[in-house]
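Number of protein chains: 2
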Amino acid sequence: MIQQFMKDSQQHNTILDLAAALNLSPATVSRALNNTSYVKKETKERVLEMALKLGYRKNKMAAGLRNNKTNTIGLILPKISMYFHAEVVTVVQNLLHAKGYNLIIGQSNDDPGMEKELAETFFSSRVDAIIVSCTLETEDFSPFDIFSTHQIPILFYDRVPPETYRARVIKGDDFNGGFLAGKHLVEAGCKHIGMINGPMTSNIYEARAAGFIAALRMLQGKEEPKLFFQQQLQAEETREALKKMFKGKSKPDGLFVTSDRNAVTVLQYAKENGIKIPQELRLVGYSNDPVTAVVSPSITTIDQYPALFGEKLVATLMEMIESPPTDEYQPAVITPVSLIERESA
Amino acid sequence: MIQQFMKDSQQHNTILDLAAALNLSPATVSRALNNTSYVKKETKERVLEMALKLGYRKNKMAAGLRNNKTNTIGLILPKISMYFHAEVVTVVQNLLHAKGYNLIIGQSNDDPGMEKELAETFFSSRVDAIIVSCTLETEDFSPFDIFSTHQIPILFYDRVPPETYRARVIKGDDFNGGFLAGKHLVEAGCKHIGMINGPMTSNIYEARAAGFIAALRMLQGKEEPKLFFQQQLQAEETREALKKMFKGKSKPDGLFVTSDRNAVTVLQYAKENGIKIPQELRLVGYSNDPVTAVVSPSITTIDQYPALFGEKLVATLMEMIESPPTDEYQPAVITPVSLIERESA
DNA sequence: TACTTTTATGAAAACGTTTTCATAAATTCG
DNA sequence: CGAATTTATGAAAACGTTTTCATAAAAGTA
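So the protein lines, in turn, are chains P and U. Counting from 180, one number per residue, gives the positions in the first sequence under this note's numbering. Counting from 180, one number per residue, gives the positions in the second sequence under this note's numbering.
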C-alpha cells in the first residue's frame, strides 16, 4: 500500500511524493504542513499521517531559498573554549534552538583575516542575523558592512567596535569592572597598585583600564599610576611583567589582572617566588572563571554574568529580526558586573 | 557605468545580475565563478572583476539545493562549555572551516528528547554529515537511523552507542584510562581504593570502571572492591558519596574520580574535613581539565588529548564524506590516554 | 433564490544556482 | 583542405519549497 509510494530508501522524499501518494497538489500539501491558509481538516490529517509514514522532513534549504530565510544565526567569536565565550555560546545556542534557529559558529582565533573570511562565509550562507565578538586587534570593521547594507541584523558583544561604527552593541560594564577592582584594592589599604592588562586596541581592556585609573585617581588622588603593563594575555608575558614589577624598589602590594587565566599565573608566580597572597600582594582578576574559586588562595574577581549576557543577546537579536530595520541610533546595552570577594584580596 | 546594473543596495545580486551586466548567460557566469568546464580566459576575468564590483556572493542555499550539498556539518554534544567538548569543538570548527565546511552546533543538555529533536533538525537542514556525542542516558539510538538510511555519514565520539548499533565511532581509551588510574593508586601503596563514577549507562563510565576494576584485580588480587559509587556528576552527590565513604571504618586511602570537576570537589571536601591529600588520601581524576593543574595540591589525572581527538574526528569524517558508503564493518577508532602525575597521587 | 463571502484546492511561477544538451567557433590532424 | 576534436557559450531544466492567481464548491446573507 504505502510501500508503493516509498522511494529508494536513500532518497529524500519530497512534498511531491506526499502529493502523489495522496492525490493532492504539492500546494495543498505545503499548506497542510505549514498550516497556512485554508485546508480541510480531514485533508490536513491525511497529509500529516502520510508525512509520518513516509518519514518526510522538509528540506530547509529549499524552503529557505523560497522564503529568503534560513533560520540560521551566525556567531563569530575569538575562541569557543574561553570560559566567558563558552558560557555565552551555551545559553545562546539553547535559546536559539527553542526559537527554531540553528546556530553556526566560527572562530577567528583572534585573527582579523579569519574574522573577515567568516563574515563572508556567513553572509554567503545567508544567515538571518549575525552575532560577533571581535578579535583583539580588529580595527577595520568594514568586513561587516555587507550585513548592514543588506539589512541583515548584526549584533556585536563584548569586544565591540567603537561608537563611530554605528552598530547594535551589548557589552559588559568594563569601566565599572575596572573601577570596582581599583576601589577594592584601595579600600584594602594597598599603596602601590599595579595592573596587568590586555591589549588596549580592544575596547574591553581600554575600558577596564579607564575605570581602574579613575578609581585610583578618585580615591587615592594619584595621577597616572606607574605599574602598568599591557600584553597579549600569554602566561609568558605575564611572568615577564611580574619580573619587571618586582625588580624595582617600589614593589606592588595590590594588582589588578584583567583576565583570570593570567591572575592564576600571578598566583603561581607568587608561590614560586615566596610572595604571600593576600598579605604581601592583593590580587583581583576578571571574569569569574570557575578556576578562580578553587585555587588557593581563591581569587577575588569581577563576574560578568555570561548567562545573562547570552539571554540579552538573544532577546535583542530577536527584536532586531522581528522589528523592521530602523536607522535610529540604538545606544549600547550595558550588562552589569560585580566584584566577587575571595581570599586573594 | 556600473551603477546602472546595481540593484537597490538592500537586494542581493545574483548570477543573473552579473550575466546581465556582462551580456553573458548565467551558465557562463557560473562556470567562470566555479571554474568548471571551458571558459575563455578573458571572460573569466571579466566575470571575476564584475563579481567584485557588484559585491556578488554566491547564495549557498541555492547552490546547496541544486547540488544536494550544503557544506555544513552538524555537531550534537551534551554541553559546549564542558572542558573536553569545548576543546574538541574548537579544533573541529577550525579544521572544518579550512576544508570549506560550516559547523552547526546543538546541545542536548543531556536530554535524550532534545538530542532527538536536534537530530531531526539537522537532518532537515540537510547537513552533509553529523558528529554526535550522546547524552549520558541515551539508550535508544533510532533517532539517528535516518542518517544511515539516507547515506549521510554519521560519526559518534566519546559517548557512543554500543557495538550492536553499527556506526562509525571514535572514542578515548577509557578502559586503559581506568586501568592506569587503578594501577597508579595500587603502586602508590593504597590498600583501600574507592571510586566515584558517573552513570554506568554511558559507555565511557562503564569502560573506566571496567579498566579500574581490572587493575585492582590484577595487581591487588581483590575481587569486586567495596567502595564504589556512581552518580550523576553533581557536586552534591559527590559530597554524599564522600560522606558515606568516610563514615565507615574502612576509610579509603586512594580514590579514583572519573571526572575532574568532581575531583576538585573531593579536594574541597578533604580540605574542609581535614583529610590530607595525598598523605591520607591519594586522588586521581579524569580529563586533564586545566583546573587540575592549578589547584593545590594539583590533581593527578588522565589526559584524553582532546585536540588529537578533534583531528581524528575531522579526518575520519572527511574520509567518510569522500569515499563511497560501504557496509563494511569499521572497528571503533581508539584514541590514546595517559596518566599525568601531579601532587595528589 | 440570487448574491456575497468563506473555504478548499490546483496550476504555475518563483527563489538562485548548476548542469545537461545543443551549437558554433576555433583548433588540431591526417 | 576537410574532418575530427577541442574550446566556448547559451537555452532550458532541475533542485524542493512557497505563494500568487485562479477557480470551484460550500456556506452565509438579504
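Idealized CB from N, CA, C, for every residue including glycine.
Query: Chain-ordered residues of the region 235-252 of chain U with a beta carbon less than 7 Å from chain P; Result: Arg236, Lys237, Asn238, Lys239, Met240, Ala241, Gly243, Leu244, Thr249
Query: Chain U within 9 Å of isoleucine 259 of chain P, Cβ atoms only; Result: yes
Query: Reference alanine 367 of chain P, options P/Leu275, P/Ser287, P/Ile456, closest by Cα; Result: P/Ile456
Query: Check whether isoleucine 284 of chain U and glycine 253 of chain U have beta carbons under 9 Å apart; Result: yes
Query: Short CB-CB distance (under 9 Å) between leucine 282 of chain U and chain P; Result: yes
Query: Proximity test, Cβ basis, 9 Å: alanine 265 of chain U and chain P; Result: yes
Query: From P/Lys370, P/Cys369, P/Glu385, residue whose alpha carbon lies closest to that of asparagine 376 of chain P; Result: P/Glu385
Query: Unbroken alpha helix (DSSP H) run spanning methionine 374 of chain P, endpoints; Result: Where methionine 374 of chain P is concerned, there is no enclosing alpha helix (DSSP H), although the beta strand (DSSP E) it sits in stretches over 372-376.
Query: Beta carbon of threonine 303 of chain U nearer than 9 Å to that of arginine 236 of chain P; Result: The question names threonine, yet the displayed sequence has serine at residue 303 of chain U. Yes, these two residues count as a Cβ contact at 9 Å.
Query: Integer-rounded CB distance, given that leucine 518 of chain P should sit under 8 Å from alanine 308 of chain P; Result: That belief does not hold up - the Cβ atoms of alanine 308 of chain P and leucine 518 of chain P are roughly 34 Å apart, past 8 Å.
Query: Under the three-state DSSP convention, the category alanine 308 of chain P falls into; Result: strand
Query: Within chain U, partners of asparagine 273 of chain P - CB distance below 8 Å; Result: Gln286, Asn288
Query: Tyrosine 508 of chain U classed as buried or exposed, judged by whether at least 16 other C-beta atoms fall within 10 angstroms; Result: exposed
Query: Interface flag, proline 469 of chain P vs chain U, CB-CB below 9 Å; Result: yes
Query: CB contact below 9 Å: phenylalanine 302 of chain P versus chain U; Result: yes
Query: Beta-carbon proximity of leucine 398 of chain U to lysine 362 of chain U, cut-off 9 Å; Result: yes
Query: Where the alpha helix (DSSP H) containing valine 226 of chain U begins and where it ends; Result: 220-233
Query: Three-state secondary structure assigned by DSSP to valine 339 of chain P; Result: coil
Query: Selection from P/Leu297, P/Tyr262, P/Asn250 that minimises the alpha carbon distance to valine 306 of chain P; Result: P/Asn250
Query: For glycine 433 of chain P, the residue or residues it bridges with in DSSP; Result: P/Ile372, P/Arg461
Query: Closer than 7 Å at the beta carbon, the chain P residues around threonine 314 of chain U; Result: Per Cβ cutoff of 7 Å: no residues; threonine 314 of chain U is ~15 Å from chain P at best.
Query: Proximity below 9 Å, CB of arginine 521 of chain P to CB of proline 476 of chain P; Result: yes
Query: At least three beta-carbon pairs within less than 8 Å, the region 404-424 of chain U to the region 345-355 of chain U; Result: no
Query: Inter-residue spacing [alpha-carbon to alpha-carbon] between lysine 423 of chain U and leucine 462 of chain U; Result: 17 Å
Query: Best match in P/Pro332, P/Glu299, P/Ala265 for proximity to threonine 505 of chain P [C-alpha to C-alpha]; Result: P/Pro332
Query: Straight-line Cα distance separating proline 469 of chain P from valine 348 of chain P; Result: 26 Å
Query: Beta-carbon proximity of aspartate 290 of chain U to phenylalanine 488 of chain U, cut-off 9 Å; Result: no
Query: is_contact[arginine 305 of chain P, chain U] using C-beta, thresh 9 Å; Result: yes
Query: Per-residue burial, tyrosine 280 of chain P [other beta carbons within 10 Å of its own, 16 or more giving buried]; Result: buried
Query: Min CB distance isoleucine 310 of chain P to chain U below 9 Å; Result: no
Query: Residues within the region 446-465 of chain P neighbouring chain U, beta-carbon criterion of under 9 Å; Result: Leu446, Gln447, Lys450
Query: Alpha-carbon spacing of serine 287 of chain U relative to phenylalanine 326 of chain P, whole angstroms; Result: 31 Å
Query: Selected residue, minimal CA-CA separation from alanine 346 of chain P, among P/Cys369, P/Val311, P/Val365, P/Leu315; Result: P/Val311
Query: Proline 347 of chain P - containing beta strand (DSSP E), residue span; Result: For clarity, residue 347 of chain P is arginine in the given sequence; the question names proline instead. Element bounds for arginine 347 of chain P: 347-351.
Query: Inter-residue Cα distance where the pair is leucine 434 of chain U and cysteine 369 of chain U; Result: 9 Å
Query: Nearest-angstrom Cα separation, counted from threonine 514 of chain U out to asparagine 382 of chain U; Result: 15 Å
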